[in-house]
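Okay, so here's the structure we're looking at.
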Amino acid sequence: MRLNSMKVVVTALLLMPLGVMAQTGAGDRPYLPVDEALELAGTSIPKNSGGQLGALAPENLNADRPEPPWNLTGTWFVDLVSRGFGDFRFGAPNYPYPEFIGQAAVDFEEGQRVTAAGGNYRDSIGQCFPAGVPMIMTRIWPVMMVQLPTVIYMVTNFNNRFRQVFLDGRDYSDPDTVIYTYNGESLGHWEGDTLVVDTRYMETWNHFIDTGIPISEEFSVQERIRLVDDGRALEIEHIMTDPLNWVGEWRSPKRWLRVDGTDIGEVECLPDLNEGLPGAQTEQFGLDN
Amino acid sequence: MEKIMSLGNLIRVVIGSLAVFVLVGVSVPVSAHHSTAQFDSSRVIRIEGTITQFSYRNPHASISLEGTAEGAQDGAWTVGMTAANVLRNQGWGRSTVQPGDEVVMFVSPLRDPIALNDGSQGGLFVGIILADGSTLGSTDQDGQGSGEY
Numbered sequence: 003m004r005l006n007s008m009k010v011v012v013t014a015l016l017l018m019p020l021g022v023m024a025q026t027g028a029g030d031r032p033y034l035p036v037d038e039a040l041e042l043a044g045t046s047i048p049k050n051s052g053g054q055l056g057a058l059a060p061e062n063l064n065a066d067r068p069e070p071p072w073n074l075t076g077t078w079f080v081d082l083v084s085r086g087f088g089d090f091r092f093g094a095p096n097y098p099y100p101e102f103i104g105q106a107a108v109d110f111e112e113g114q115r116v117t118a119a120g121g122n123y124r125d126s127i128g129q130c131f132p133a134g135v136p137m138i139m140t141r142i143w144p145v146m147m148v149q150l151p152t153v154i155y156m157v158t159n160f161n162n163r164f165r166q167v168f169l170d171g172r173d174y175s176d177p178d179t180v181i182y183t184y185n186g187e188s189l190g191h192w193e194g195d196t197l198v199v200d201t202r203y204m205e206t207w208n209h210f211i212d213t214g215i216p217i218s219e220e221f222s223v224q225e226r227i228r229l230v231d232d233g234r235a236l237e238i239e240h241i242m243t244d245p246l247n248w249v250g251e252w253r254s255p256k257r258w259l260r261v262d263g264t265d266i267g268e269v270e271c272l273p274d275l276n277e278g279l280p281g282a283q284t285e286q287f288g289l290d291n
Numbered sequence: 005m006e007k008i009m010s011l012g013n014l015i016r017v018v019i020g021s022l023a024v025f026v027l028v029g030v031s032v033p034v035s036a037h038h039s040t041a042q043f044d045s046s047r048v049i050r051i052e053g054t055i056t057q058f059s060y061r062n063p064h065a066s067i068s069l070e071g072t073a074e075g076a077q078d079g080a081w082t083v084g085m086t087a088a089n090v091l092r093n094q095g096w097g098r099s100t101v102q103p104g105d106e107v108v109m110f111v112s113p114l115r116d117p118i119a120l121n122d123g124s125q126g127g128l129f130v131g132i133i134l135a136d137g138s139t140l141g142s143t144d145q146d147g148q149g150s151g152e153y
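Order-wise, the sequence lines are chains A and B. Numbering-wise (our numbering), the first sequence opens with residue 3 and increments by one. Numbering-wise (our numbering), the second sequence opens with residue 5 and increments by one.
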């Protein structure tokens with residue numbers, strides 16, 4: 003009996019660490035000091051090019067800088083009634099196209115021919131590709147904009163596309179390591195009462211303007227933005243250049259109206275969306291697979 | 005002696021009426037996503053049938069129904085619509101139509117009447133007469149395409 007009792011005690015002692023582990027696990031482990039945890043996280047946390055402080059870093063937000071002439075924080079909706087529905091486009095019917103050159107000239111003519119015949123030319127947005135800059139700025143959906151001293155954040159109701167315009171004086175990313183995106187990299191600065199936003203580094207794959215007009219990696223957009231009508235409207239002059247696709251500047255003004263009675267919500271372009279959209283299942287001319 | 009409308013009042017009435025027509029004419033058609041060039045907006049087909057599915061979602065809603073179509077193929081139809089956000093403003097809700105509802109729907113057909121992925125025919129929503137007789141959209145068969153939807 004005594005030997006059996008001893009066996010029980012020994013077994014219990016041997017199993018006790020397992021019992022302790024079963025009760026504690028990693029969930030009871032104390033948190034590491036912040037600096038140590040960040041160091042261990044290492045490259046899994048992306049870092050800005052050149053050690054640039056993030057737009058939301060307190061040191062950046064609270065840096066001494068002049069007050070901006072205005073703040074466009076609010077929800078906005080593109081004005082497609084003053085100059086008609088066609089104003090969502092950057093060329094015809096309301097504004098002249100530049101002189102297209104090279105492949106863009108060929109593609110433009112093809113696009114005109116296909117659409118005149120009732121076809122669907124490069125409807126990348128209908129296939130859930132991002133609209134990208136500048137087309138995202140004229141989708142008929144509200145856009146929320148939040149302006150901080152260092153950045154303007156924009157989120158569109160249309161497929162919740164995200165733009166950020168940095169106002170903190172930073173440089174563009176290193177051209178060798180920059181990651182091209184559909185809305186590009188936007189830097190803003192003030193010229194009097196005009197916010198000048200320069201955007202470059204836009205992804206070119208299935209990224210078009212109007213009816214299938216392509217852009218190259220040389221494409222850049224300047225948006226000259228004014229807050230007018232007692233803060234109730236934004237006037238935006240788009241000035242677009244792409245030396246590989248057209249000659250000189252392509253200019254197209256737009257107007258946004260402040261809409262206080264709405265908030266944006268979540269909108270996703272899911273893989274099954276087009277099962278309910280006959281137009282998106284017809285032949286898609288000119289899209290890059 | 006019957007009172008005759010003064011010239012000034014007559015002018016005001018005419019101008020007011022014209023203003024109404026102008027306002028109706030310039031209303032923004034629908035929430036834009038992509039082109040409707042593939043639809044024949046000069047034609048409106050009447051489909052009498054039964055709802056099989058209603059997808060009330062953004063960026064696009066859609067309705068599926070089985071029915072008889074005047075001047076087009078009978079059977080299954082998939083009808084693309086604008087955003088649920090816009091439909092809501094037009095009086096639609098999640099339960100406006102339900103599977104099993106008997107409706108009359110008006111659609112603009114595809115120019116090239118292909119069979120869609122699920123074998124159905126495709127159209128762009130113009131209007132509907134609901135099971136209770138109420139209507140949404142244009143039901144006079146004079147509906148016009150918007151250019152984008």
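Note that CB positions come from ideal geometry on N, CA and C, so glycine has one too. The model shown is predicted, which means the values in this text are computed figures rather than measured ones.
How many angstroms separate the CA atom of A:Arg234 from the CA atom of A:Asp262? The residue you call residue 234 of chain A lines up with position 232 of the first sequence. The residue you call residue 262 of chain A lines up with position 260 of the first sequence. When rounded, the distance between both Cα atoms is 10 angstroms.
What residues in the stretch 52-77 of chain B have a beta carbon less than 9 angstroms from any beta carbon of chain A? Gln57, Ser59, Arg61, Asn62, Pro63, His64, Ala65, Ser66, Ile67, Ser68
If I measure Cβ to Cβ from A:Glu270 and keep anything under 8 angstroms in the same chain, skipping five residues before and after, which residues do I get? By 1-based counting over the first sequence, the position of residue 270 of chain A is 268. Within the same chain, A:Glu270 has close Cβ partners Asn161, Asn162.
Along chain A, in chain order, which residues have C-beta atoms closer than 7 angstroms to that of B:Leu114? Translated into the one-based positions of the second sequence, residue 114 of chain B becomes position 110. Per Cβ cutoff of 7 angstroms: Pro280, Thr284.
Can the beta-carbon of B:Ile55 be found less than 8 angstroms from the beta-carbon of B:Pro117? Locating residue 55 of chain B in the second sequence gives position 51, counting from the first residue. Locating residue 117 of chain B in the second sequence gives position 113, counting from the first residue. The answer is no: Cβ separation not under 8 angstroms.
Are the beta-carbon atoms belonging to A:Val249 and A:Ile103 less than 8 angstroms from one another? As a working note, residue 249 of chain A is residue 247 in the first sequence. As a working note, residue 103 of chain A is residue 101 in the first sequence. Taking 8 angstroms as the Cβ cut-off, A:Val249 and A:Ile103 qualify as a contacting pair.
Evaluate contact between the stretch 85-93 of chain B and the stretch 59-67 of chain B, counting only Cβ atoms and requiring at least three cross-stretch pairs below 8 angstroms. In this structure the stretch 85-93 of chain B lies against the stretch 59-67 of chain B, because at least three pairs of beta carbons, one per stretch, are closer than 8 angstroms.
For B:Leu134, return the contacting residues in chain A, with the cut-off set at a CB-CB distance below 8 angstroms. Position 130 of the second sequence, counting from 1, holds the residue named residue 134 of chain B. By Cβ distance, chain A contributes nothing, its closest Cβ being about 19 angstroms from B:Leu134, past 8 angstroms.
Should B:Thr72 go down as buried or exposed, given a rule of 16 or more other Cβ atoms within 10 Å for buried? Taking the second sequence and counting its residues from 1, the one referred to as residue 72 of chain B is at position 68. When all chains shown are included, B:Thr72 counts as exposed.
Chain B contacts made by the stretch 262-275 of chain A, where a contact means CB separation under 7 angstroms: Val269, Cys271, Leu275
For A:Arg253, which residues of its own chain have a beta-carbon under 6 angstroms away from its beta-carbon, when the five flanking residues on both sides are left out? The residue labelled residue 253 of chain A in the question sits at position 251 within the first sequence. Result list for A:Arg253: Ile241, in chain order.
Nearest residue (CA-CA) to A:Asp231, options A:Leu42, A:Ile142, A:Trp258: Locating residue 231 of chain A in the first sequence gives position 229, where the first residue counts as 1. Comparing Cα-Cα distances from A:Asp231 to each of A:Leu42, A:Ile142, A:Trp258, the minimum goes to A:Trp258.
Indicate whether the contact test is met: 3 or more Cβ pairs, each with one atom in the stretch 133-149 of chain A and one in the stretch 278-286 of chain A, closer than 8 angstroms. no
Would you mind telling me which residues of chain A sit closer than 7 angstroms to B:Ala80, beta carbon to beta carbon, in chain order? Within the second sequence, numbered from 1, the residue matching residue 80 of chain B stands at position 76. Near B:Ala80 there are no residues of chain A at all, since even the closest Cβ is about 12 angstroms away, more than 7 angstroms.
Between the CA atoms of A:Phe110 and A:Arg124 - distance to the nearest angstrom: Start at 1 with the first residue of the first sequence, and residue 124 of chain A comes out as number 122. Start at 1 with the first residue of the first sequence, and residue 110 of chain A comes out as number 108. Approximately 11 angstroms between the Cα atoms of the pair.
Write down the C-beta distance between A:Arg202 and A:Ser222 rounded to the nearest angstrom, noting that I regard them as a contact closer than 8 angstroms. Counting from one through the first sequence, the residue named residue 202 of chain A turns up at place 200. Counting from one through the first sequence, the residue named residue 222 of chain A turns up at place 220. Indeed they touch by this definition, with Cβ atoms about 5 angstroms apart.
Is A:Met242 helix, strand or coil by DSSP? Taking the first sequence and counting its residues from 1, the one referred to as residue 242 of chain A is at position 240. Three-state result, A:Met242: strand.
Pair every Cβ in the stretch 138-147 of chain A with every Cβ in the stretch 53-71 of chain A, then say whether three or more of these pairs are closer than 8 angstroms. no
Excluding sequence positions up to five away, which residues of its chain have a Cβ less than 7 angstroms from the Cβ of A:Pro273? On the first sequence, residue 273 of chain A is found 271 positions in, with the first residue counted as 1. For A:Pro273, where only same-chain residues beyond five positions count, there are no Cβ hits under 7 angstroms.
Which residues in chain B sit within 7 angstroms of A:Phe160, going by Cβ to Cβ distance? What you label residue 160 of chain A is simply residue 158 of the first sequence in a count that begins at 1. Pro63, listed in chain order.
Taking the CB atoms as reference points, tell me whether A:Ile238 and A:Met146 lie closer together than 8 angstroms. As a working mapping, residue 238 of chain A is identified with position 236 in the first sequence. As a working mapping, residue 146 of chain A is identified with position 144 in the first sequence. No. Outside cutoff.
How should A:Leu275 be labelled, buried or exposed, when 16 other C-beta atoms within 10 angstroms of its C-beta is the threshold for buried? The residue labelled residue 275 of chain A in the question sits at position 273 within the first sequence. With 16 or more Cβ atoms within 10 Å of its Cβ, A:Leu275 is classed as buried.
Run down chain B in chain order and give the residues with a C-beta less than 9 angstroms from the C-beta of A:Glu277. Within the first sequence, the letter at position 275 stands for residue 277 of chain A. Going along chain B in sequence order, the residues near A:Glu277 (Cβ under 9 angstroms) are Ser59, Ser66, Thr82, Leu120, Asn121, Asp122.
Paired residues, beta bridge with A:Lys49 - DSSP: Numbered from 1 along the first sequence, position 47 holds the residue referred to as residue 49 of chain A. Answer by DSSP bridge pairing: none, since A:Lys49 is not bridged.
Considering just the uninterrupted stretch of the beta strand (DSSP E) at B:Glu70, what are its terminal residues? The residue given as residue 70 of chain B occupies position 66 in the second sequence. From DSSP, the beta strand (DSSP E) with B:Glu70 extends over 66-73.
So, under 8 angstroms CB-CB, B:Gln125 and B:Gln77 are touching, yes? Tell me the CB distance rounded to an integer number of Å. In the second sequence, residue 125 of chain B corresponds to position 121, counting from 1. In the second sequence, residue 77 of chain B corresponds to position 73, counting from 1. So it is a contact: roughly 5 angstroms between Cβ atoms.
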